[in-house]
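Heads up, the thing below is written out as structure tokens.
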Amino acid sequence: MRPLNQDYARARMRSWGLLGFALLLATIVYWPGLSGGWLFDDYPNIVDNRAVQPPDAHLSSLVRAALSSPSSEFKRPLASLSFAANYLAAGLDPYWMKLTNLLIHLINGLLIFLLTRRLLFAVRTRATLASATSGRAAHNLYDGRSGVLAALIAAAWLVLPINLTGVLYIVQRMESLANAFVLLGLIGYVASRQRMLAGGRGVVGCVLSITLPTAFGLLAKETAVMLPLYAFLIEWIVFAFRRPASPSARDWRVLLLFFVVLILPMLAGLAWIVPQVLSPGAFSTRDYTLGQRLLSEARIVTDYIGWTLLPTSNALSFYHDDFHASTGLLQPWTTLASLLALAAMAWAVVRSRHSHPLFALGLALYLACHLLTGTILPLELIYEHRNYFASFGLLLAVVPFLAAPRAGIAGTVMPTLPSEIDRPLPMSLPRYVALGGLILFWAVNTGLTAHAWGDPLRLAIELADRAPDSPRAQYELGRMYIIYSRYERDSPFTRLAYAPLERAAAMPSSSILPQQALIFMNSRMGLPLKESWWDSMIAKLGARRPGVQDESSLSALTQCALEGLCHLPPQRMVDAFLAALSHPNPSARLLATYGDYAWNALGDRQLGLNLSEEAMAAQPAESAYRITYIRMLVALGRTKDALHAYQKLEQMNIGGELDKELQDLRQAIDTLDIHSARGGSDG
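In the numbering used here, each residue carries its 1-based index in the sequence shown increased by 36.
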């Protein structure tokens with residue numbers, strides 16, 4: 037019989053060696069994608085967000101950066117500060133941003149390994165060992181075997197194609213960074229519960245492992261709020277709320293902990309969110325209702341399983357605006373089938389939590405991960421990065437059956453005799469080949485996609501091929517051709533731009549982005565503007581409430597006109613704005629954009645001022661609209677009104693983020709006041 041500590045040392049070396057290979061493989065797979073450019077939400081959050089491009093590292097600059105994200109009311113300050121740090125170190129270079137994302141992903145892979153190893157051992161040690169003398173030996177041996185299996189799960193997770201956008205899509209550092217804290221918290225919780233069950237102290241560790249990582253994770257993205265629920269599922273399935281030395285008794289300290297950190301915050305959150313979701317305007321900017329969203333997400337969450345385990349290029353297409361929402365249980369029929377599939381998964385969690393706890397826990401974590409983004413919140417329907425943590429749950433459910441077919445390794449039976457502990461586990465070549473083939477398939481798939489992400493034009497062509505019915509994908513290809521054309525009439529890219537843009541413009545579900553791009557391009561090049569482009573754009577603005585992309589399109593045309601780069605017919609622009617404003621409760625951004633155009637392009641200062649005031653009233657917490665309003669008042673010579681608005685702006689200066697703007701405005705008001713004292717008008 038070989039010494040058990042020798043087996044343990046060898047298994048431990050194999051696990052760390054396998055993990056090191058997995059980290060190297062992930063680096064190689066992702067490396068071609070680091071040379072790519074910006075994409076989609078990278079622009080409003082980083083490229084066009086001057087606040088995350090601070091001139092220095094002074095406190096006021098960092099506060100401004102931290103509170104600058106347009107993605108959420110909670111601002112996600114930690115993620116924004118990380119973008120600012122990248123900018124201070126290397127400027128606005130996407131390479132270093134992507135490299136930072138890759139490092140975070142590799143760290144998360146390490147955390148996945150550490151968490152999985154602890155979970156595997158916790159599951160296996162639920163059974164009582166036959167003797168105290170064999171207990172420590174079994175601990176060492178099974179910790180080594182757990183390490184090998186944990187390394188395989190981490191390796192698979194690191195190269196999963198569905199996790200690519202969490203790495204190469206720069207702005208989704210928010211997701212990966214938030215989940216780093218989630219994983220840290222779960223590791224701490226499992227370790228603390230193991231100490232408690234071993235008779236040691238761990239209550240404080242459980243509390244801190246849930247509260248602190250959740251708080252820090254929320255500073256990166258709201259998905260970190262799911263940490264208490266994940267910990268609860270681990271407790272329910274793995275530890276069963278047991279007390280030390282009394283497996284049948286429940287530990288009231290653990291029950292009280294989850295009442296405080298999970299139940300109470302959940303009730304408070306629902307009390308805050310539900311009235312907002314049920315308000316008439318909650319889904320006004322979406323093409324679906326709350327009920328349609330819930331039905332659609334059943335299909336989407338079910339589809340994610342296939343996208344994770346057996347992905348196709350058409351599935352992982354990044355742009356999913358060609359998805360048609362469900363309008364009933366049988367419209368389409370896959371809605372009902374998906375609801376039944378999700379119900380079956382929930383039933384399987386309850387049914388198998390004792391016999392196959394790893395499988396049950398994996399399914400439970402997968403389903404729980406989608407409760408935030410896949411239920412009532414009026415978010416966009418589909419994003420691949422929402423599976424960054426959920427994919428770990430699926431792998432936890434699937435990989436152990438392929439990597440370790442024996443029941444004991446799958447987490448159901450512990451050997452009870454020393455002879456069983458020392459016996460080598462039987463090999464299952466077909467399963468190992470299947471697992472190896474899957475990991476290779478995932479790595480190759482991710483590597484090929486990363487190669488496409490390594491060049492903006494190559495990526496645009498790839499995504500347009502993957503999603504031929506996606507207006508966004510076709511628009512992005514046309515936009516990329518425009519960029520490569522450098523607005524030169526004779527460029528071959530100019531001719532290539534028309535087809536995808538015209539194709540996107542003709543799609544009924546598209547925004548006005550394609551029409552805006554066509555008008556923008558031809559105007560910049562001095563080419564004729566087709567009346568059909570204007571007619572189509574105005575018709576779409578009038579037919580439905582403008583969305584974010586529509587507002588961005590009008591803003592881009594306005595900016596181009598004001599800079600003198602585009603010669604746009606004023607009446608057509610006014611018609612477009614009036615069509616967009618014909619819907620109830622127009623957004624502050626739309627009002628401010630029209631106000632800017634009226635003030636600077638039409639020369640109608642009163643209309644510009646009125647629209648600016650309406651924008652300020654529509655979103656009083658946004659300082660930018662108030663700053664514009666004050667500048668207009670100063671330009672009109674209305675000193676008293678400007679000073680009154682200035683005093684309200686001072687109250688919004690939290691942490692000195694508006695110091696520079698306030699200083700400039702005060703100087704302008706004082707200059708105007710001196711002019712008025714010398715005989716000028718106060719309007």
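Positions of the beta carbon are idealized from the N, C-alpha and C atoms, including for glycine.
These numbers were taken from a predicted model, which means no experiment stands behind them.
How about residue i and residue j: are their beta carbons less than 7 Å apart?
i: F157; j: S116; result: no
i: T432; j: L394; result: The amino acid at residue 432 is misidentified as Thr; the sequence shows Leu. Going by C-beta atoms, L432 is nearer than 7 Å to L394.
i: A256; j: Y225; result: no
i: A624; j: Y665; result: no
i: P528; j: L513; result: no
i: A439; j: L471; result: yes
i: S362; j: Q312; result: no
i: L213; j: I140; result: yes
i: Q377; j: T348; result: Note that residue 377 corresponds to Ala in the displayed sequence, not to Gln. No, Cβ-Cβ distance for A377 and T348 is not below 7 Å.
i: A597; j: L604; result: yes
i: V3; j: R50; result: Absent from the model: residue 3. The displayed extent of the chain is 37 to 719, so no value can be given.
i: A58; j: A190; result: yes
i: M246; j: V296; result: Note that residue 246 corresponds to Ile in the displayed sequence, not to Met. Taking 7 Å as the Cβ cut-off, I246 and V296 do not qualify as a contacting pair.
i: R581; j: S320; result: yes
i: G73; j: P130; result: yes
i: H421; j: Q208; result: yes
i: I148; j: F119; result: no
i: S618; j: G578; result: yes
i: L19; j: A404; result: In the structure as shown, the chain starts at 37 and stops at 719, and residue 19 therefore has no counterpart that could be examined.
i: N423; j: T344; result: yes
i: L219; j: L114; result: no
i: I273; j: R389; result: yes
i: G221; j: E211; result: no
i: A789; j: L269; result: As shown, the chain starts at 37 and ends at 719. That puts residue 789 outside it, with no answer to give.
For the candidate residues the options, whose alpha-carbon lies nearest to that of residue i?
i: A351; options: L413, L124, A634, S506; result: S506
i: L645; options: S659, A657, R674; result: R674
i: I518; options: A542, R560, Y131; result: R560
i: L484; options: I64, R48, Y44; result: I64
i: A533; options: I273, I555, S545; result: I555
i: M573; options: L601, W489, C602, V610; result: V610
i: Y92; options: R112, G73, D78, A121; result: Checking the displayed sequence, the identity of residue 92 turns out to be Asp instead of Tyr. Comparing Cα positions, the closest option is A121.
i: A509; options: A500, I206, R160; result: A500
i: P249; options: A260, V240, G398; result: A260
i: R702; options: R86, Q687, N689, A678; result: A678
i: G342; options: L430, R525, T325; result: L430
i: M262; options: H406, K134, A191, F119; result: H406
i: A85; options: G69, L95, L60, K111; result: Per the sequence presented here, residue 85 reads as Asn, with Ala not at that position. With distances taken between Cα atoms, N85 lies closest to K111.
i: T161; options: L233, F437, G253, L135; result: L233
i: S374; options: A616, Q699, R335; result: R335
i: Y511; options: E524, D526, M543; result: M543
i: L60; options: Y468, E109, P106, L138; result: L138
i: R494; options: L293, S284, S71, G56; result: S71
i: T370; options: A251, A616, A384, L331; result: L331
i: S391; options: L188, V159, M668; result: V159
i: G145; options: A186, I497, G639; result: A186
i: L575; options: L698, L155, S648, A615; result: Sequence inspection shows Ala at residue 575; the Leu mentioned does not correspond to that position. A575 has its Cα closest to that of A615, out of L698, L155, S648, A615.
i: P80; options: P606, S588, P622, Q699; result: S588
i: L672; options: L413, L643, Q699; result: L643
So residue i and residue j are in contact, right, with Cβ under 8 Å, and what is the actual spacing, rounded?
i: R608; j: W570; result: 5 Å
i: E650; j: L627; result: 5 Å
i: L549; j: Q585; result: 5 Å
i: D78; j: I206; result: 5 Å
i: S353; j: A503; result: 4 Å
i: L204; j: W489; result: 5 Å
Is residue i near the ligand HEM, in the sense that its beta carbon is under 6 Å from a heavy atom of that ligand?
i: E211; result: In terms of ligand content, the structure shown is empty, and the ligand HEM therefore cannot be addressed.
Three-pair Cβ contact test at 8 Å for the segment 689 to 704 versus the segment 98 to 111: yes
Whole alpha helix (DSSP H) elements within the segment 59 to 112, 4-residue minimum: 95 to 102
With three or more beta-carbon pairs closer than 8 Å as the criterion, would you say the segment 72 to 90 touches the segment 668 to 683? no
In chain order, what are the residue ranges of uninterrupted beta strand (DSSP E) at least 3 long that sit wholly in the segment 338 to 393? none
If contact is defined by three or more beta carbon pairs under 8 Å, each pair taking one atom from either stretch, is the segment 352 to 360 in contact with the segment 412 to 420? yes
Could you tell me whether the segment 302 to 310 touches the segment 273 to 289, where touching means 3 or more Cβ pairs closer than 8 Å? no
Can we say the segment 190 to 202 touches the segment 466 to 480, given the rule of at least three CB pairs closer than 8 Å? yes
Just to confirm the assignment: which complete alpha helix (DSSP H) runs, minimum length 4, are found wholly within the segment 178 to 204? 201 to 204
Quick one: which unbroken alpha helix (DSSP H) runs of 4-plus residues sit fully inside the segment 534 to 592? Chain order, please. 549 to 561, 567 to 579
Please give me, in chain order, every unbroken run of the alpha helix (DSSP H) with length at least 4 that falls completely inside the segment 652 to 688. 659 to 671, 675 to 687
Fully enclosed by the segment 250 to 301, which beta strand (DSSP E) runs are 3 residues long or longer? Entirely contained in the segment 250 to 301, the beta strand (DSSP E) runs reaching 3 residues are, in chain order, 282 to 286.
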